[in-house]
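Undergrad: Going by full-length UniProt numbering, the first residue of the sequence shown is number 1, and it counts up by one from there.
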Amino acid sequence: MTRLHPDFRGMPIAHRGLHDLNDPARAPENSRAAARAACAAGYGVETDVQISSDGEAMVFHDDCLDRLVPGHAGPVRARSAAELGRMTLMGGTETIPTLAELMELVDTPLLIEIKRQHIDVGVGPLERRVAELLPRARGPVAVMSFDPRVIAWFRDNAPQWARGLVSYGYGNAEALASLSEEERGRLSRLEDFDALGADFVSFGARDFPSPACAALRARGVPVLCWTTRSQEEDDRAREHADNVTFEGYAARRPAPAARPGA
């Protein structure tokens, strides 16, 4: 039986919050404003966390500051939580939040992706800090990662929390030079899913149909997907997935499925 709360299947999930693509300074991705907007609109929130130099879980997608923080560059993990918390996102007034601060705002499903762009950063410190914070969640919560080692850590150290494996087709071999063809195939086929004791999958919507996802879904495993950018993409993705992670449009909440015998 999956530990994933049913709301993760029924409530569309705003990718990095309901951020404003047309005016990112007003509601940047992964900001407090984006989280508040998603909750107000009745959506779940997907967010990303990186570790600071002093071990805090910071809400930030990229491993480096360059794209999102004008005037700053370099790895997030090289700065303290206090330094990061003073940095302004995208030229507006929003600053980088800690996961603890974001969790205070979110009362809808919260999907936390643990980022591990650098394999030289050991598994454990960020995962442990996230696990410490999970009891503070005001609504349903789950963790996920592309890295099977993260999911294994939660299996072994915090098994009570819903955990999911993020994947896709792994077709861009040049961008994934650190992974062998065999490793890319194993990850795209979700071969580690059962050994990890994972509860759900979040799969790249552009790589549907996926035989591996179809097989898991037939077993009752929740299949989420990322990232749809129009209602048309949303509708196509739902042929293969139970829910979408979306951005750039107001996702339609699907009607509840009819109960048997109704």
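Positions of the beta carbon are idealized from the N, C-alpha and C atoms, including for glycine.
Run through DSSP, which three-state label would ASP156 get?
TA: Locating residue 156 in the sequence shown gives position 156, counting from the first residue. Helix at ASP156.
Undergrad: Can you give me the Cβ contacts of GLY197 inside the same chain, cut-off strictly under 6 Å, excluding the 5 residues immediately before and after it?
TA: In the sequence shown, residue 197 corresponds to position 197, counting from 1. Taken in chain order, the residues that qualify are ARG155.
Undergrad: Apart from the five residues just before and just after ILE96, which ones in its own chain have a Cβ nearer than 7 Å to its Cβ?
TA: Counting from 1 along the sequence shown, the entry for residue 96 is found at position 96. Correct list, in chain order: MET58, VAL59, PHE60, LEU84, GLY85, MET87 and LEU89.
Undergrad: Three Cβ pairs or more, each shorter than 8 Å: is that satisfied between the region 178 to 186 and the region 138 to 145?
TA: No: the two stretches stay apart, fewer than three of their Cβ pairs being nearer than 8 Å.
Undergrad: In the DSSP output, what is VAL150 paired with across the bridge?
TA: Along the sequence shown, one-based indexing puts residue 150 at 150. Answer is none; VAL150 lacks a bridge partner.
Undergrad: Whole angstroms is fine: what's the gap from ARG136's alpha carbon to HIS19's?
TA: The sequence position of residue 136 within the sequence shown is 136, counting from 1. The sequence position of residue 19 within the sequence shown is 19, counting from 1. Cα to Cα, the separation comes out at about 23 Å.
Undergrad: Pull up the distance between the alpha-carbon of ALA237 and that of GLN231, whole angstroms please.
TA: Along the sequence shown, one-based indexing puts residue 237 at 237. Along the sequence shown, one-based indexing puts residue 231 at 231. Near 10 Å, if we compare the C-alpha coordinates of GLN231 and ALA237.
Undergrad: Any idea if THR93 is buried or exposed, counting beta-carbon neighbours within 10 angstroms, 16 or more meaning buried?
TA: For the purposes of this step, residue 93 is taken as residue 93 along the sequence shown, with counting starting at 1. THR93 should be labelled exposed.
Undergrad: With DSSP as the reference, label ARG77 as helix, strand or coil.
TA: Reading the sequence shown from its first residue, position 77 is the one you call residue 77. Note: ARG77 maps to helix in three-state DSSP.
Undergrad: Just grab the DSSP bridge partners of ASP48 for me.
TA: Reading the sequence shown from its first residue, position 48 is the one you call residue 48. Per DSSP, GLU113.
Undergrad: Got a sec? Which residues, its chain only, sit under 8 Å from LEU216 by beta carbon, not counting five neighbours each side?
TA: For this step, residue 216 is matched to residue 216 along the sequence shown. Closer than 8 Å at the Cβ level, and outside the excluded window around LEU216, lie LEU190, PHE193, VAL201 and VAL223.
Undergrad: Check each candidate in PRO70, LEU102 and GLU29 and name the one with the smallest Cα separation from LEU133.
TA: The residue labelled residue 133 in the question sits at position 133 within the sequence shown. Considering only alpha carbons, the answer is LEU102.
Undergrad: Between the Cα of SER31 and the Cα atoms of ASN172, TRP153 and LEU105, which residue gives the shortest distance?
TA: Numbered from its first residue, the sequence shown carries residue 31 at position 31. Comparing Cα-Cα distances from SER31 to each of ASN172, TRP153 and LEU105, the minimum goes to LEU105.
Undergrad: Note down, in chain order, each residue of its chain lying with its Cβ closer than 8 Å to the Cβ of MET11, except the 5 sequence neighbours on either side.
TA: What you label residue 11 is simply residue 11 of the sequence shown in a count that begins at 1. The residues are GLY42, TYR43, GLY44, THR108, PRO109, ASN243 and ARG253.
Undergrad: Between ALA35 and the rest of its own chain, which residues show a CB-CB distance below 6 Å, the 5 nearest in sequence each way excluded?
TA: In the sequence shown, counting from the first residue as 1, residue 35 sits at position 35. Here the set comprises GLY17, VAL45, LEU102, LEU105 and VAL106.
Undergrad: By the 10 Å Cβ neighbour count, where 16 or more other Cβ atoms means buried, how is LEU21 classified, buried or exposed?
TA: For the purposes of this step, residue 21 is taken as the residue at position 21 of the sequence shown. Exposed, because fewer than 16 other Cβ atoms sit within 10 Å of the Cβ of LEU21.
Undergrad: Measuring alpha carbon to alpha carbon, tell me which of LEU176, HIS15 and ALA131 ends up nearest LEU99.
TA: Residue 99 sits at position 99 when you count from the first residue of the sequence shown. Residue ALA131 is the option with its Cα nearest to LEU99.
Undergrad: Please name the residue, chosen from GLU239, ALA82 and LEU68, that lies closest to ASP207 on a Cα-to-Cα basis.
TA: Locating residue 207 in the sequence shown gives position 207, counting from the first residue. Selected option, being the one with the closest Cα: GLU239.
Undergrad: Have a look at GLU29, SER178, LEU176 and SER145 and flag the residue whose alpha-carbon is nearest the alpha-carbon of ARG163.
TA: By 1-based counting over the sequence shown, the position of residue 163 is 163. Closest by alpha carbon: SER145.
Undergrad: With distance defined between alpha-carbon atoms, name the residue in ASP7, PHE203 and GLY169 nearest to THR227.
TA: The residue you call residue 227 lines up with position 227 of the sequence shown. Of ASP7, PHE203 and GLY169, the residue nearest in Cα terms is PHE203.
Undergrad: Output the distance between the C-alpha atoms of ALA158 and ARG3, rounded to the nearest integer angstrom.
TA: By one-based count along the sequence shown, residue 158 stands at place 158. By one-based count along the sequence shown, residue 3 stands at place 3. Cα-Cα distance, rounded: 12 Å.
Undergrad: Throw me the rounded Cβ distance for the ALA250 and ASP234 pair, which I believe falls under 8 Å.
TA: Within the sequence shown, the letter at position 250 stands for residue 250. Within the sequence shown, the letter at position 234 stands for residue 234. Not a contact, Cβ separation roughly 10 Å.
Undergrad: With burial defined as no fewer than 16 other Cβ atoms inside 10 Å of the residue's Cβ, what is the status of ALA14: buried or exposed?
TA: For this step, residue 14 is matched to residue 14 along the sequence shown. With 16 or more Cβ atoms within 10 Å of its Cβ, ALA14 is classed as buried.
Undergrad: I'd like to check one pair, GLU127 with TRP153: are the Cβ atoms closer than 7 Å?
TA: Counting from one through the sequence shown, the residue named residue 153 turns up at place 153. Counting from one through the sequence shown, the residue named residue 127 turns up at place 127. Contact: yes.
Undergrad: Applying the 10 Å Cβ sphere with the 16-neighbour rule, what's the burial state of ARG210?
TA: As a first step, residue 210 is located in the sequence shown; it is residue number 210 there, counting from the start. In the sequence on display, residue 210 carries Ser and not Arg. Counting Cβ neighbours within 10 Å, SER210 comes out buried, since at least 16 surround it.
Undergrad: Can you tell me which residues form a DSSP beta bridge with ALA142?
TA: Position 142 of the sequence shown, counting from 1, holds the residue named residue 142. Per DSSP, LEU111.
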